[in-house]
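Below is one structure, written out as structure tokens; comments come after it.
Residue numbers (the working numbering), protein chains in the order written: chain X, 1 to 168; chain C, 1001 to 1775; chain P, 2001 to 2146.
Okay, structure coming up:
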């Protein structure tokens, strides 16, 4: 079926307020946004729209979470963070504070994760030394990759990594 | 392992740094069903400030389908052996990447799987080509082995790659070293260029093994080193263009460390043995030995172990010995064979070219003291209650011109049967029979037949036993001499009664409650007199008088003389048994023989006038954990003299610390003092000594002194020894040996001499504490 | 002075299997066990309530002293017997232990044949001594568990 981008967006929340002047909407209380296979849950979400119609959403939660099925596969991706920002102009998703993302059994954790769907560029940052000093999370990025069952001994197939992702 | 000469056992992990190099992932193995434990969301940290400034990366890559970032923070598959086995953990300050094409872990990046890890400032992985690059403090670690360097590149698919200027640390022997280049040449195959290897701790560069080109092949378990220099205190002392060595435990052909030494008669000498591993159960050692004053000698040894038979053959050959102007050779064949569970055979044939062979060419006391070399072959059959032996035996006698001896009889052949059939109607039936052909160049020769059947009736309870025994000893000779008395014979009845009691009590000593036993014993023998002066004497002489002999029926050994006897032996033994295990801690024993009639048959020593034999007394055991003592006295009440007195004490508080004191006295025969010790002198030095002085001949029989310096990763030992090899001849031997821990020994090996000269001697590497710097 | 006759030695196992060691040593040991205790020897270790392992019987010859002419004057004959004993489930009755014995023998190069037989006599004497000590140790098992 059509990729998520072209799906309608549904949004539920306990309360919602709109400010047409600044073109911003604020939703609070059990906020659930769904668009195709994408589902975002948060305690509070602020959605703004810029002049060109691109939306910019910020979700706050303890943690806020998102879940999406990868295009053309049956693999789910999930992510958690205190604050998540999505910018549809740059198609970049950013997770702040105790960011954690998981696909299948592989998982990565850091204080900041960013992913650009257009360039497939991703970045996972530790929280840097100062927060570390304040006893914050270890300040390091940590990824755990479970062993994968590779199909066949095809030399080119990547060792590790989900096999299906390569096929396209 | 080749006997005697220690093999240059080059440490298998030599320069095979962390085998962290990934091996080709095997068949897609079923991933371990480790349940993915859902990570607990971490405790919410304090309201965070804005994240680290996120540097926008240029979005050069073309947009492929949207893939969430997480997928790309995939493991950088560094040195993982079986990728499909264990989860990979990647930690770094930052992980970035472009979809499936490139992953970068930056800032103390660490990739860990099972017991392997790759750490570096930056690790980049290109999944399509399976290339891994690591730069900045790259550390490969696997188990206890570690290798670090500035850069590493590695291809997972082909298992090839390189690391520049690696420095490594190995677990075995705490070996370490460095190289100019380390190359991964495929699965389990590595190569190091201009490598150095030592087992000395970091700040102690006493010795290095420099290898221009080292090849390690874990598939064939063979290592090959080319242009190898051994440098000791920066002085090259050993060079070999090529050496290969086993990486595993199995033996490998190759040169053994050279042995350098000197002997008084031969001068300086060098031996360079080559060990040839013919097959797992066959090997040979060929040792050319250049002796300054004598020439080139070849000492060969061949060993074989087959199903059912095994043995060894030694052939030494020294053509044109310049000192004695003749060929010198030695031959030793030892072979044992088991035909089936009952029948086994053996050959023991030793022969040398001349009487002085060992005195001139051997340095070990066990060889130089040999006077009669056995040359025999035997077959032995073991029934369930009897054994039969057929043997052909002769000797080569090595004469010392100053103390000539008559060679022993040859027994060509000897057939013997021994049997004991227990519990036939309550009685035990015994038989000792023997038929022998005695041959001799000068002494009278002939055949002898002996048959000695016995019947005994053992009565036994838990605290007492009484065993009456009666037998008839029949002997017949067929002598090679004319005349009527060419075949004399003798038959003599022998009766004996062996009885004893077993008493015990609990007794506290040294603060423990021991079980003490008291074992009185009585042994009566009656043998009527038989005139035997007309009989030849092939193998009889006076037996030693000791605790074993006083409970036998004949005071002479062999079968040619049966001593008449009407005597009883009384003995008392008391043992102190450890509280819980009943292991014997200390033993006292007293024994004396009382005659009812004065024996008439005399052979070597005269019959003592007294009806009471010498009194035997013995004390032996462990007085304290460190003190062992052994005292034995034979006192002659008739002459009121001590016939024999042996006192021995050993103080052995800890391995590497032992002192032995021995005094041996036999009236009119010998009086010797034997002192030996191994003692540490300060933390690094150790002294060994032995002094065996004959008071009667006021002559040093065996003197040895040695020093050993142990520097932790190497040790050097000097041992000088002087042994009496003939009435007026002695030989001095001098050993110098350098040992590199984990590498091997160079020089003459005195350890066997030290073990036999100093009871309780422990080689330093067995008890050396952790060398400095050892974790 | 407190000594009493040694009581009967019925060991805490009715059947015993003895294995290992060289055949000569084994025959003598089995003879001592059947004669000295009420325990029955069985050939099948599985049916035995205890198994006595003779791990090693080593005979050695060392030169004790040399004559002035460098010839062997006295030999020290040594016998080392290593053994341990487990019950049917493999639990140790007797931990791995060792009995070391030695005897002196004067040696004379002119009496090689005679000395060879005396050597055999001394080895047999040490063998009986070792077996007697093993019997004491078997009895100690009774005291501990009896």
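Ideal placement from N, C-alpha and C gives every residue a C-beta, glycine not left out.
CA-to-CA distance, residue j to residue i, given in whole angstroms
i                      : j                      : result
residue 1041 (chain C) : residue 82 (chain X)   : Its pLDDT being 29, under 50, residue 1041 (chain C) is placed unreliably in this model, and the coordinates cannot settle the point.
residue 3 (chain X)    : residue 97 (chain X)   : 29 angstroms
residue 1779 (chain C) : residue 2003 (chain P) : Nothing in the structure corresponds to residue 1779 (chain C), since chain C is present only between 1001 and 1775.
residue 1397 (chain C) : residue 2041 (chain P) : 48 angstroms
residue 1536 (chain C) : residue 1361 (chain C) : 39 angstroms
residue 1714 (chain C) : residue 1233 (chain C) : 11 angstroms
residue 1777 (chain C) : residue 2072 (chain P) : In the structure as shown, chain C begins at 1001 and stops at 1775. Residue 1777 (chain C) is therefore absent and cannot be evaluated.
residue 6 (chain X)    : residue 1154 (chain C) : 43 angstroms
residue 1222 (chain C) : residue 1619 (chain C) : 56 angstroms
residue 1694 (chain C) : residue 1216 (chain C) : 56 angstroms
residue 1239 (chain C) : residue 1676 (chain C) : 38 angstroms
residue 1563 (chain C) : residue 1527 (chain C) : 7 angstroms
residue 1159 (chain C) : residue 1171 (chain C) : 23 angstroms
residue 1711 (chain C) : residue 1122 (chain C) : 40 angstroms
residue 1748 (chain C) : residue 1236 (chain C) : 19 angstroms
residue 1280 (chain C) : residue 1322 (chain C) : 39 angstroms
residue 2100 (chain P) : residue 1756 (chain C) : 17 angstroms
residue 1039 (chain C) : residue 62 (chain X)   : With a pLDDT of 27 at residue 1039 (chain C), under the threshold of 50, the modelled position of this residue cannot be trusted, and the question is left open.
residue 2027 (chain P) : residue 1754 (chain C) : 37 angstroms
residue 1288 (chain C) : residue 1276 (chain C) : 14 angstroms
residue 1524 (chain C) : residue 1610 (chain C) : 18 angstroms
residue 166 (chain X)  : residue 75 (chain X)   : Legend: pLDDT at residue 166 (chain X) = 28, less than 50; position of this residue unreliable, no value from coordinates given.
residue 1412 (chain C) : residue 2116 (chain P) : 16 angstroms
residue 1465 (chain C) : residue 1459 (chain C) : 6 angstroms
residue 1407 (chain C) : residue 1583 (chain C) : 44 angstroms
Proximity below 9 angstroms, CB of residue i to CB of residue j
i                      : j                      : result
residue 1606 (chain C) : residue 1513 (chain C) : no
residue 1096 (chain C) : residue 123 (chain X)  : yes
residue 2054 (chain P) : residue 2019 (chain P) : yes
residue 1567 (chain C) : residue 1597 (chain C) : yes
residue 1112 (chain C) : residue 1134 (chain C) : no
residue 49 (chain X)   : residue 10 (chain X)   : no
residue 2011 (chain P) : residue 2037 (chain P) : yes
residue 2123 (chain P) : residue 2077 (chain P) : yes
Exposure label - residue i; buried when at least 16 CB within 10 Å
i                      : result
residue 1184 (chain C) : buried
residue 2109 (chain P) : buried
residue 2131 (chain P) : buried
residue 1441 (chain C) : exposed
residue 2017 (chain P) : buried
residue 1373 (chain C) : buried
residue 1436 (chain C) : buried
residue 1493 (chain C) : exposed
residue 2133 (chain P) : buried
residue 1602 (chain C) : exposed
residue 1119 (chain C) : buried
residue 1370 (chain C) : buried
residue 77 (chain X)   : buried
residue 1016 (chain C) : The pLDDT assigned to residue 1016 (chain C) is 32, lower than 50, so where the model puts this residue is not dependable; a value taken from the coordinates is nonetheless given after this. Per the 10 Å Cβ criterion, buried.
Reference residue i; option with closest CA among the options
i                      : options                   : result
residue 1764 (chain C) : C:1748, C:1688 and C:1720 : C:1688
residue 1299 (chain C) : C:1173, C:1271 and C:1148 : C:1271
residue 19 (chain X)   : X:46, X:39, X:13 and X:36 : X:46
residue 139 (chain X)  : X:99, X:56, X:107 and X:8 : X:99
residue 1717 (chain C) : C:1750, C:1286 and C:1496 : C:1750
residue 1402 (chain C) : P:2070, P:2008 and P:2051 : P:2070
residue 1190 (chain C) : C:1166, C:1203 and C:1205 : C:1166
residue 1364 (chain C) : C:1702, C:1197 and C:1666 : C:1702
residue 1745 (chain C) : C:1257, C:1126 and C:1199 : C:1257
task = Mind the definition here: the region 1645-1652 of chain C touches the region 1621-1631 of chain C only if three or more C-beta pairs lie below 8 angstroms; say whether that holds.
result = yes
Any 3 or more C-beta pairs closer than 8 angstroms across the region 2022-2032 of chain P and the region 1539-1548 of chain C = no
inquiry  = Does the structure place the region 1436-1451 of chain C close enough to the region 1472-1486 of chain C that three or more beta carbon pairs sit under 8 angstroms?
reply    = yes
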